[in-house]
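> Residue numbers (the numbering used here), protein chains in the order written: chain F, 1 to 253; chain U, 1 to 268.
Structure provided below as C-alpha cells; questions to follow.
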Amino acid sequence: MADVELRSVSYSFNGRIALEDVSFELDSPFFCAVMGPNGAGKTTLLKVMLGLLKPQRGSVRIFGHDAVREANAVRRLVGYVPQIVNVDIHVPMTVEEVVAMGALSRDLPPRFMTRDIRRRVEEVLKLVELDEPSALFQELSGGLRQRALIARALIGEPRLLLLDEPYSMLDFDMKCEISELLYRLHKERGVDILLVAHELSPCIHLEPIVVLLNKRVYAVGRAGEVLTIENLRKAYPGLTEVPAGFILGEDHG
Amino acid sequence: MIDLLILIYLSAAAGGLLVGSISLPLILSRGTLFALTMTHSVLGGAILGVYLNAVLGLGIPIPVTAFLTALILSILVAELSGRVFSEDVAIALVVSIATTITVVFSYLVVQVSSTGLAQAWLYVAGSSAIATSEDLQKMLSALVVVAPLMHLITRELKYIAFDLDGAIAMGLNVRVYRYLFFGLSALATSILASSIGILATHILLAVPGALAVKLARRAPYLLSYLSAIGLTLGGFLISQLLRIPPSGGIGILSAFAILGMVVKREQA
Numbered sequence: 001m002a003d004v005e006l007r008s009v010s011y012s013f014n015g016r017i018a019l020e021d022v023s024f025e026l027d028s029p030f031f032c033a034v035m036g037p038n039g040a041g042k043t044t045l046l047k048v049m050l051g052l053l054k055p056q057r058g059s060v061r062i063f064g065h066d067a068v069r070e071a072n073a074v075r076r077l078v079g080y081v082p083q084i085v086n087v088d089i090h091v092p093m094t095v096e097e098v099v100a101m102g103a104l105s106r107d108l109p110p111r112f113m114t115r116d117i118r119r120r121v122e123e124v125l126k127l128v129e130l131d132e133p134s135a136l137f138q139e140l141s142g143g144l145r146q147r148a149l150i151a152r153a154l155i156g157e158p159r160l161l162l163l164d165e166p167y168s169m170l171d172f173d174m175k176c177e178i179s180e181l182l183y184r185l186h187k188e189r190g191v192d193i194l195l196v197a198h199e200l201s202p203c204i205h206l207e208p209i210v211v212l213l214n215k216r217v218y219a220v221g222r223a224g225e226v227l228t229i230e231n232l233r234k235a236y237p238g239l240t241e242v243p244a245g246f247i248l249g250e251d252h253g
Numbered sequence: 001m002i003d004l005l006i007l008i009y010l011s012a013a014a015g016g017l018l019v020g021s022i023s024l025p026l027i028l029s030r031g032t033l034f035a036l037t038m039t040h041s042v043l044g045g046a047i048l049g050v051y052l053n054a055v056l057g058l059g060i061p062i063p064v065t066a067f068l069t070a071l072i073l074s075i076l077v078a079e080l081s082g083r084v085f086s087e088d089v090a091i092a093l094v095v096s097i098a099t100t101i102t103v104v105f106s107y108l109v110v111q112v113s114s115t116g117l118a119q120a121w122l123y124v125a126g127s128s129a130i131a132t133s134e135d136l137q138k139m140l141s142a143l144v145v146v147a148p149l150m151h152l153i154t155r156e157l158k159y160i161a162f163d164l165d166g167a168i169a170m171g172l173n174v175r176v177y178r179y180l181f182f183g184l185s186a187l188a189t190s191i192l193a194s195s196i197g198i199l200a201t202h203i204l205l206a207v208p209g210a211l212a213v214k215l216a217r218r219a220p221y222l223l224s225y226l227s228a229i230g231l232t233l234g235g236f237l238i239s240q241l242l243r244i245p246p247s248g249g250i251g252i253l254s255a256f257a258i259l260g261m262v263v264k265r266e267q268a
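This is the structure:
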C-alpha cells in the first residue's frame, strides 16, 4: 500500500464536478506538486485528503488511514497550510499566536500558552527563518506570512505538509525562497510535501513529482515526462502556443 | 438615596463587566453582524414572553424567553450560513424573522394587555435609571457563568475566525465552540437587555471590544473591561444629568469613544 493513495475519487458541489475519478499514489519520501488551472479542483483535492470534504465516490488513504473514517488520525499526521487569501488577516494575531495555534489546537482544552509551547514556537520560527514572534500577522509581508503559516503546520511535527497555493500573492524571488524552504524541510527533516499551484516555475528546478490535474488526473510523474505539450493541451483547454513557448492563460505562469 | 445610587452604579459596573467579557470575543471573531442577530432576537423573544405571559398567565421570566429565542435564532444563523446562504444573507434573514416576531407580538400584546406594550418598551430603552437589587443579582449571576467560559474559549474563537479550514484541520470542534459562544452571548445579551435595554446593549456589544482591539496591543481584555465599565458608569451618570434613559447616556458616550478612535486612527 502506498503512503498516499487516492482511488477513483469524485467530488461535486451542487452537481458541478470538482474532481472526477481522480487516482494517484505517492510513496514517501516525496516532493509533489499538483498543477492545474483555476477551478481544476486543486483546493478540493486537498480538502478531500484532509477529510474536510467527503468524496461522493472513491477513497483516500493517508499513511494507511482512511481520510473520512479516520480523519483525526490523518490530521495528526498532516500539516495544512491554507491559501493566504483564505486567512482573515484582520483578526489581530501575533506570529507567536498563529504558530502556537498549530500546537494548542491538537491539545485538549483548556488551552494555555505554556513555556514549552513558547519554546517550540521559537524552534519552528528559527526553522522557517522568521524572527518576529511578537509582530502582528497582518503587518508581515506576503512571504513572511507564508513562512508563519508553514511554521504553524510544522509545530505539530507532521509527516506530510499539504500546501494550498503557497506561491499566491508573492513575487517570483519570494516564490523561489518558499520553494527552497519547503525543499530543505523535505530533505533535512524528512517531511513529505504536496503543494498545489497553478504555476510550477518556482519549484521546477527541484524536480518535483508533478500531478497534472483539471478535475481529472491527466498525468503523474517527473516534470520532464508530465509537462509535455500534449498533456498541457488536455489539462489547459485555453493553452495558446507562441514561437517562444506557450501561454497557459491569465495568471498561470 | 445613597443606597439607591450605590445600587445603580454597582449594577452599571456589573453590566460593564458582563459586556466587557463578550465584546472582545465578538470583535475578535469578526462577529459584529452576529451581534445584530442577537439583539434583534432578544427583543423579539422579550416581546414574545410578554405576550405569552399576558395570554396564558404563565409567569415565565422574560429573560428566559429572550434567551431561548436568541439561542434558537443564532443557531439558525450558524446552520444557514455556509450551507444555504452566505453569512451576511443568513444574518439578514434571521434578523427579519426576529423583527417580524417583534412587530407581530407587539401588535398582539396591545390587544390583550394594557400594560404589555409598556413592559415590552422597557426592553428597548432600558428600565430608566433606576436599578433594583434583582438587576444586580441577575448581572452578577450571568457574569459568574459567562466571563470565565468566555475567557476559556476566546483563543479558539480567534483561531476559527482567522482560518476556519485550518482550525478544523488541526482538530478544533468548530461547532461546539460556536454554539457555546452563541449560548453565552444570548445569556449575557438577554440579561443586559432586561436591565439597560436592547439599544444600550447593542451599542455596548461592539464598542469596548473595538476600542480594545484598536488601542491595546497587550492585554486587550483589560481594556475591554475598563472601557465597558467606563461606558456604563459614565452613561448612567450622563443619563441622570440629562434626565434621559441609560441607553441615551451610553449612546452619547459611545459616540464620543468612536469619534476618538477615528481621530486617533487618522493621526496615526
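Built from N, CA and C at the ideal position, the CB exists for glycine as well.
Since the structure is predicted, the reported quantities are computational estimates derived from the model, not experimental observations.
#1: Measuring only the C-alpha atoms, how far is GLY45 of chain U from VAL112 of chain U?
#2: Taking C-beta pairs closer than 7 angstroms, name the residues in chain B that TYR80 of chain F reaches, listed in chain order.
#3: In chain U, which residues lie less than 7 angstroms from GLY102 of chain F when you measure between Cβ atoms?
#4: List the residues of chain U whose Cβ lies closer than 7 angstroms to the Cβ of ASN72 of chain F, in chain order.
#5: Answer yes or no: does any C-beta atom of chain U fall closer than 9 angstroms to that of PHE13 of chain F?
#6: Give the DSSP bridge partners of ASP192 of chain F, in chain order.
#7: Contact defined as beta carbons within less than 8 angstroms: I believe GLY235 of chain U pairs with GLY249 of chain U. What is the distance between those atoms, to the nearest angstrom?
#8: From the beta carbon of SER8 of chain F, is the nearest beta carbon of chain U less than 9 angstroms away?
#9: Output the distance between the C-alpha atoms of HIS151 of chain U and LEU199 of chain U, rounded to the nearest integer angstrom.
#10: Got a sec, what are the start and stop residues for the alpha helix (DSSP H) ASP21 of chain F sits in?
#11: Can you grab the Cα-Cα spacing for the pair PHE181 of chain U / TYR236 of chain F, in whole Å?
#12: Enumerate in chain order the residues of its own chain whose CB-to-CB distance from LEU130 of chain F is below 8 angstroms, with the five nearest sequence positions on each side excluded.
#13: Only counting the same chain, and skipping five residues up and downstream in sequence, which positions put a Cβ closer than 7 angstroms to that of SER106 of chain U?
#14: Who are the near neighbours of LEU215 of chain U in its chain, counting only those whose CB is closer than 7 angstroms to its CB and skipping five residues on each side?
#15: Among residues of its own chain, excluding the 5 on either side of ARG120 of chain F, which ones have a beta-carbon nearer than 7 angstroms to its beta-carbon?
#16: Please classify ASN53 of chain U: is it buried, with 16 or more other beta-carbons within 10 angstroms of its beta-carbon, or exposed?
#17: Just to confirm my understanding: we take VAL64 of chain U, look at its own chain, exclude 5 residues before and 5 after, and list those with CB closer than 6 angstroms. What are they?
#18: Anything in the stretch 56 to 67 of chain F with a Cβ closer than 8 angstroms to a Cβ of chain U? List those residues in chain order, please.
#19: Taking 6 angstroms as the limit between beta carbons, can you name the residues of its chain near GLU250 of chain F, skipping five residues before and five after?
#20: Would you give the residue range spanned by the beta strand (DSSP E) that GLU132 of chain F belongs to?
#21: Can a CB atom of chain F be found closer than 9 angstroms to the CB of VAL144 of chain U?
#22: Restricting to Cα atoms, I'd like to know which of F:VAL81, F:VAL74, F:ASN86 is closest to VAL99 of chain F.
#23: Sort F:LEU195, F:LYS42, F:GLU20 by Cα distance to PRO208 of chain F and report the nearest one.
#24: Who are the Cβ neighbours of ARG7 of chain F in its own chain at under 6 angstroms, not counting the five residues just before and after it?
#25: Which residues does DSSP list as the beta-bridge partners of ALA197 of chain F?
#26: Please confirm whether MET35 of chain F has its beta-carbon closer than 9 angstroms to some beta-carbon of chain U.
#27: With a cut-off of 8 angstroms on the beta carbons, I'd call GLY57 of chain U and THR232 of chain U a contact; round off their distance for me.
#28: Tell me which same chain residues have a C-beta within less than 6 angstroms of the C-beta of GLY253 of chain F, skipping the five on either side of it?
#29: Quick check on this structure: which residue in F:ASN214, F:ARG216, F:ASN231, F:ILE84 has the alpha carbon closest to the alpha carbon of ARG222 of chain F?
#30: Would GLY156 of chain F pass as an interface residue toward chain U - the criterion being a Cβ-Cβ separation below 9 angstroms?
#31: Could you confirm whether any beta carbon from chain F is found closer than 9 angstroms to the beta carbon of LYS138 of chain U?
#32: With DSSP run on the structure shown, which of helix, strand or coil describes LEU157 of chain U?
#33: Exposed or buried, what is THR154 of chain U when buried is set at 16 or more other beta-carbons lying within 10 Å of its beta-carbon?
#34: Check each residue of the stretch 169 to 189 of chain F: if its Cβ is closer than 9 angstroms to any Cβ of chain U, include it; give the result in chain order.
Taking the structure as given:
#1: Position 45 of the second sequence holds residue 45 of chain U. Position 112 of the second sequence holds residue 112 of chain U. Computed Cα separation, rounded: 17 angstroms.
#2: Structure shown: chain B not included; protein chains present are F and U.
#3: As a first step, residue 102 of chain F is located in the first sequence; it is residue number 102 there, counting from the start. By Cβ distance, chain U contributes MET170.
#4: Sequence index remark: in the first sequence, residue 72 of chain F carries index 72 (1-based). In chain order: GLY171.
#5: Along the first sequence, one-based indexing puts residue 13 of chain F at 13. So no, PHE13 of chain F is outside the interface.
#6: In the first sequence, counting from the first residue as 1, residue 192 of chain F sits at position 192. Paired residue(s): F:LEU160.
#7: To locate residue 235 of chain U, count along the second sequence from 1; it is residue 235. To locate residue 249 of chain U, count along the second sequence from 1; it is residue 249. Sure, about 4 angstroms apart at Cβ, within 8 angstroms.
#8: The sequence position of residue 8 of chain F within the first sequence is 8, counting from 1. Cβ-Cβ to chain U under 9 angstroms: no for SER8 of chain F.
#9: Locating residue 151 of chain U in the second sequence gives position 151, counting from the first residue. Locating residue 199 of chain U in the second sequence gives position 199, counting from the first residue. Their Cα atoms are separated by approximately 25 angstroms.
#10: Translated into positions along the first sequence, residue 21 of chain F becomes position 21. Unbroken run through ASP21 of chain F is the beta strand (DSSP E), 16 to 26; no alpha helix (DSSP H).
#11: The residue labelled residue 181 of chain U in the question sits at position 181 within the second sequence. The residue labelled residue 236 of chain F in the question sits at position 236 within the first sequence. The straight-line gap from Cα to Cα measures roughly 45 angstroms.
#12: By 1-based counting over the first sequence, the position of residue 130 of chain F is 130. Same-chain partners within the cutoff: VAL95, LEU144, ARG147, ALA148, ALA151.
#13: Taking the first residue of the second sequence as position 1, residue 106 of chain U is located at position 106. ILE47, LEU117, ALA120.
#14: Taking the first residue of the second sequence as position 1, residue 215 of chain U is located at position 215. In the same chain as LEU215 of chain U, and ignoring 5 residues on each side of it, the C-beta atoms closer than 7 angstroms to its own belong to LEU223, in chain order.
#15: Locating residue 120 of chain F in the first sequence gives position 120, counting from the first residue. Cβ within range, chain order: ALA103, ILE155.
#16: Within the second sequence, numbered from 1, the residue matching residue 53 of chain U stands at position 53. It counts as buried.
#17: Position 64 of the second sequence, counting from 1, holds the residue named residue 64 of chain U. Within the same chain, no residue comes within 6 angstroms of VAL64 of chain U by CB-CB distance, once the 5 residues on both sides are set aside.
#18: none
#19: Taking the first sequence and counting its residues from 1, one reaches residue 250 of chain F at position 250. Note on GLU250 of chain F: pLDDT 45, under 50, position unreliable in the model; no value is reported.
#20: Locating residue 132 of chain F in the first sequence gives position 132, where the first residue counts as 1. Counting along the chain, GLU132 of chain F falls outside any beta strand (DSSP E), and DSSP gives it neither H nor E.
#21: Locating residue 144 of chain U in the second sequence gives position 144, where the first residue counts as 1. So, not an interface residue.
#22: The residue given as residue 99 of chain F occupies position 99 in the first sequence. Sorting F:VAL81, F:VAL74, F:ASN86 by C-alpha distance to the C-alpha of VAL99 of chain F places F:VAL81 at the top.
#23: Residue 208 of chain F sits at position 208 when you count from the first residue of the first sequence. Considering only alpha carbons, the answer is F:LEU195.
#24: Along the first sequence, read from residue 1 onward, the residue named residue 7 of chain F stands at position 7. Once the five neighbours on either side are set aside, the close Cβ partners of ARG7 of chain F are SER23, GLY58, SER59.
#25: Walking along the first sequence from the start, residue 197 of chain F turns up at place 197. Per the DSSP secondary-structure output, ALA197 of chain F pairs in a beta bridge with F:MET35.
#26: Start at 1 with the first residue of the first sequence, and residue 35 of chain F comes out as number 35. For MET35 of chain F, the answer is no, since every Cβ of chain U falls outside 9 angstroms of its Cβ.
#27: Position 57 of the second sequence, counted from the first residue, corresponds to residue 57 of chain U. Position 232 of the second sequence, counted from the first residue, corresponds to residue 232 of chain U. Going by Cβ atoms, the distance from GLY57 of chain U to THR232 of chain U rounds to 34 angstroms, so no, they are not a contact pair.
#28: Within the first sequence, residue 253 of chain F is the residue found at index 253, counting from 1. Its pLDDT being 42, under 50, GLY253 of chain F is placed unreliably in this model, and the value from its coordinates should be taken loosely. Hits under 6 angstroms: GLU199, SER201.
#29: Start at 1 with the first residue of the first sequence, and residue 222 of chain F comes out as number 222. Considering only alpha carbons, the answer is F:ASN231.
#30: The residue given as residue 156 of chain F occupies position 156 in the first sequence. Yes, GLY156 of chain F lies at the interface with chain U (some Cβ there is under 9 angstroms from its Cβ).
#31: For the purposes of this step, residue 138 of chain U is taken as the residue at position 138 of the second sequence. Not one chain F Cβ lies under 9 angstroms of LYS138 of chain U.
#32: Your numbering for residue 157 of chain U matches position 157 in the second sequence. Helix at LEU157 of chain U.
#33: Residue 154 of chain U sits at position 154 when you count from the first residue of the second sequence. So THR154 of chain U ends up on the buried side.
#34: Residues of the stretch 169 to 189 of chain F that bring their beta carbon within less than 9 angstroms of a beta carbon in chain U are absent altogether.
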